[in-house]
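Just below is one structure, and these are the notes that go with it.
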Amino acid sequence: MMSANYKKSLRFLGAAGTVTGSRYLVEAGKRRILVDCGLFQGFKSLRDRNRKPFPVRPASIDTVLLTHAHLDHSGYLPALVRAGFSGKVHCTQATEDLCGLILPDSGHIQEEEARYAKRKGYAKHKNPTPLYALNDAKAALKRLTPHPFGRRIDLGDGITATFIPAGHLLGAAQIRLELGDRIVHFSGDLGRQADPMMAPPEPFHGADVLVCESTYGNRAHAKIDAEAELAPFLKRTFARGGTVLIPAFAVGRAQGILYHVARLMKRGEIPHVPVFLNSPMSVNATAIYHRHHEEHHVTWEDCKAMFDIAERVNSVEQSKELNTRQGPMIIVSASGMLTGGRILHHIASFGGDRRNAILLSGFQAGGTRGAALAEGAKTLKMFGREFAIEAEVVQLTAFSGHADVGEILDWMRHADRPPQMTYLTHGEPSASDTLRSRVQDELSWKVRAPEHLETVNLDRPR
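With my numbering, you'll find the sequence shown wraps up at 463, consecutive numbering, no jumps.
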């Protein structure tokens, strides 16, 4: 075991100045620990980082710790493994289950997109290739090692990690990393206190250094019932014979939508219309939700209903056939911010008809097509050309899986002592800076937003 006075540092390899690409490298003595291994999304300058060599040799990393399964936290893992990482990837049990769906889906989607771009000739490269393929994702899954919440994991040399419930998504965790005499706490993505599906995050109990998300650091969520917000939108779209497109991954926030749609249909508040869940690896994930029932509020009956309501679409041929149908109907398809996937083909087919509607249910990072739509864009560039958008676009406010600024501050207030430094990450610059100001003014904590690739000394954080 190393002595407690070995050098300890933290390097921000992602999620600094942006809401995607969550990656934090902790170096303690001779050990390298990567907390999260996410994809960059949004602006091209960010997406290009996915194609660059990893800032340190992947083979030199001893361990990866995942906060949860969303692609901006786990989606680079197949590329890291392919580039030489051969250690264990520690995560919660539900995160392992969801990564088993999400990562192969991501690889399959990227292969589909590369083939389509080559066939249609709109890619800038003569032979477009995916960042990684389905087989790379399967190889990455073999490295996952699941753990229950609350159990200290021995990472060697006196270093331990503990997963703490974060709400937000099945398996989502905060990570308490103990490095000898120093404790570094990573918030991960914090869920909401009164989420209609997920249990709330466990409060922050203090640490020497805190790394906290700031996705909604400048916003307060509207206090509106999810079904009261959703029902009028669906009713008016179905009344005009329209199709509702919901960009979302097949497991995660999409289930919140399907849960409420099933409840509204059961009560007769909206018509019974066909619902399709379109994903290359689309499966019935009821068993995953049932296995981890302690993490959410959904009854077994409602859980079964929210999966039974949707017909699953797997093949490209089935996906194309959907585009020939007429509404009213609902199509749920990846990706949530319109960065790629089959949802783009549905937008191309249905987006130009004002009878139809596009429902945005989650955060839309700057530079994504989802953000452009939320800001009122009337055209979207897809497949090398512009498509007119005449469909109604609605950004729901009640379905966010992230804590808002007030909830983040309340989470922090439980600390038994202020951290020596709090670093705000995983937020657009305006969100991080607003939260920084409030943490400083209301809690009197030392706090700042780090720069991309910045390294800080964990013994003397500043």
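Glycine included, each C-beta is placed from N, C-alpha and C at the ideal position.
What you are looking at is a predicted structure, and each value in this text was computed from that prediction instead of being measured.
Neighbour-count burial assignment, residue i, 16 or more Cβ in a 10 Å radius
{"i": "Tyr424", "result": "buried"}
{"i": "Arg177", "result": "buried"}
{"i": "Pro149", "result": "exposed"}
{"i": "Glu322", "result": "exposed"}
{"i": "Asn128", "result": "exposed"}
{"i": "Pro131", "result": "buried"}
{"i": "Leu454", "result": "exposed"}
{"i": "Glu179", "result": "buried"}
{"i": "Asp405", "result": "buried"}
{"i": "Trp412", "result": "buried"}
{"i": "Asn458", "result": "exposed"}
{"i": "Pro233", "result": "exposed"}
{"i": "Lys45", "result": "exposed"}
{"i": "Lys9", "result": "buried"}
Residue i: first and last residue of the uninterrupted beta strand (DSSP E) it sits in
{"i": "Thr423", "result": "Met422 to Thr426"}
{"i": "Glu312", "result": "Glu312 to Val314"}
{"i": "Ile225", "result": "Looking at the DSSP string, Ile225 is not in any beta strand (DSSP E), and its letter there is neither H nor E."}
{"i": "Glu270", "result": "From DSSP, Glu270 is part of no beta strand (DSSP E); its letter is neither H nor E."}
{"i": "Gly157", "result": "Ile154 to Gly157"}
{"i": "Thr64", "result": "Thr64 to Leu66"}
{"i": "Ser334", "result": "Met330 to Ser334"}
{"i": "Leu278", "result": "Val276 to Asn279"}
{"i": "Lys382", "result": "Thr380 to Met383"}
{"i": "Thr340", "result": "Where Thr340 is concerned, there is no enclosing beta strand (DSSP E), given that its DSSP letter is neither H nor E."}
{"i": "Thr19", "result": "That residue, Thr19, is in no beta strand (DSSP E); it is neither H nor E in DSSP."}
{"i": "Asn458", "result": "Thr456 to Asn458"}
Cβ distance (whole Å) where residue i is taken to contact residue j below 8 Å
{"i": "Glu452", "j": "Ala16", "result": "Their Cβ separation, rounded to whole angstroms, is 12 Å, which puts Glu452 and Ala16 out of contact at 8 Å."}
{"i": "Glu230", "j": "Leu339", "result": "That belief does not hold up - the Cβ atoms of Glu230 and Leu339 are roughly 21 Å apart, past 8 Å."}
{"i": "Gly385", "j": "Tyr123", "result": "3 Å"}
{"i": "Cys38", "j": "Ser87", "result": "Between Ser87 and Cys38 the Cβ distance is about 14 Å, and since that is not below 8 Å, they are no contact."}
{"i": "Ile348", "j": "Leu381", "result": "7 Å"}
{"i": "Leu191", "j": "Ile344", "result": "27 Å between Cβ atoms; not a contact."}
{"i": "Ala263", "j": "Ile310", "result": "5 Å"}
{"i": "Leu63", "j": "Arg32", "result": "In the sequence as presented, Leu is not what sits at residue 63; that position holds Asp. About 5 Å separates the two Cβ atoms, so the contact holds."}
Alpha-carbon to alpha-carbon, residue j and residue i
{"i": "Gly43", "j": "Gly367", "result": "6 Å"}
{"i": "Met3", "j": "Gly159", "result": "With a pLDDT of 49 at Met3, under the threshold of 50, the predicted position of this residue should be treated as unreliable, though the coordinate-derived value follows. Answer to the nearest angstrom: the Cα atoms are 7 Å apart."}
{"i": "Pro56", "j": "Leu35", "result": "12 Å"}
{"i": "Gly257", "j": "Tyr7", "result": "45 Å"}
{"i": "Gln194", "j": "Arg220", "result": "15 Å"}
{"i": "Asn357", "j": "Lys379", "result": "14 Å"}
{"i": "Leu78", "j": "His294", "result": "27 Å"}
{"i": "Pro248", "j": "Gly30", "result": "44 Å"}
{"i": "Ser350", "j": "Phe164", "result": "43 Å"}
{"i": "Leu99", "j": "Leu171", "result": "8 Å"}
{"i": "Met307", "j": "Pro419", "result": "42 Å"}
{"i": "Glu363", "j": "Ala416", "result": "Before going on, a small fix: residue 363 reads as Gly here, not Glu. If you take the alpha carbons of Gly363 and Ala416, they lie about 29 Å apart."}
{"i": "Gly371", "j": "Leu361", "result": "7 Å"}
{"i": "Ala200", "j": "Ala255", "result": "17 Å"}
{"i": "Val185", "j": "Glu112", "result": "38 Å"}
{"i": "Val210", "j": "Leu14", "result": "17 Å"}
{"i": "Pro281", "j": "Ser334", "result": "10 Å"}
{"i": "Thr21", "j": "Gly269", "result": "39 Å"}
{"i": "Cys327", "j": "Ser316", "result": "The amino acid occupying residue 327 in the given sequence is Gln; Cys does not appear at that position. The straight-line gap from Cα to Cα measures roughly 20 Å."}
{"i": "Glu393", "j": "Ala373", "result": "14 Å"}
{"i": "His109", "j": "Trp446", "result": "45 Å"}
Terminal residues of the alpha helix (DSSP H) in which residue i lies
{"i": "Leu397", "result": "Leu397 -> no alpha helix (DSSP H), and no H or E assigned at all."}
{"i": "Ser350", "result": "Ile344 to Phe351"}
{"i": "Tyr117", "result": "Gln94 to Lys121"}
{"i": "Val317", "result": "Val317 to Leu323"}
{"i": "Val79", "result": "For clarity, residue 79 is Pro in the given sequence; the question names Val instead. It spans Leu78 to Arg83 - the alpha helix (DSSP H) in which Pro79 sits, taken as one unbroken run."}
{"i": "His186", "result": "Counting along the chain, His186 falls outside any alpha helix (DSSP H), though it belongs to the beta strand (DSSP E) covering Arg183 to Phe187."}
{"i": "Lys45", "result": "Lys45 to Arg48"}
{"i": "Val406", "result": "Val406 to Met413"}
{"i": "Thr435", "result": "Pro430 to Arg439"}
{"i": "Asp73", "result": "Leu72 to Ser75"}
{"i": "Leu374", "result": "Arg370 to Ala375"}
Identity of the residues DSSP links to residue i by a beta bridge
{"i": "Gln175", "result": "Ile165"}
{"i": "Ala358", "result": "Val245 and Glu393"}
{"i": "Tyr25", "result": "Phe13 and Val36"}
{"i": "Lys89", "result": "Thr64"}
{"i": "Pro145", "result": "Per the sequence shown, the amino acid found at residue 145 is Leu instead of Pro. Beta-bridge pairing links Leu145 to Val90."}
{"i": "Cys213", "result": "Leu425"}
{"i": "Asn285", "result": "Paired residue(s): none; Asn285 is not in a bridge."}
{"i": "Glu387", "result": "Lys382"}
{"i": "Arg449", "result": "Tyr424"}
{"i": "Met199", "result": "His297"}
{"i": "Ile160", "result": "Gly157 and Leu180"}
The ligand FAD heavy atom lying under 8 Å from the CB of residue i
{"i": "Ser107", "result": "The ligand FAD is absent from the structure shown, which contains no ligands of any kind."}
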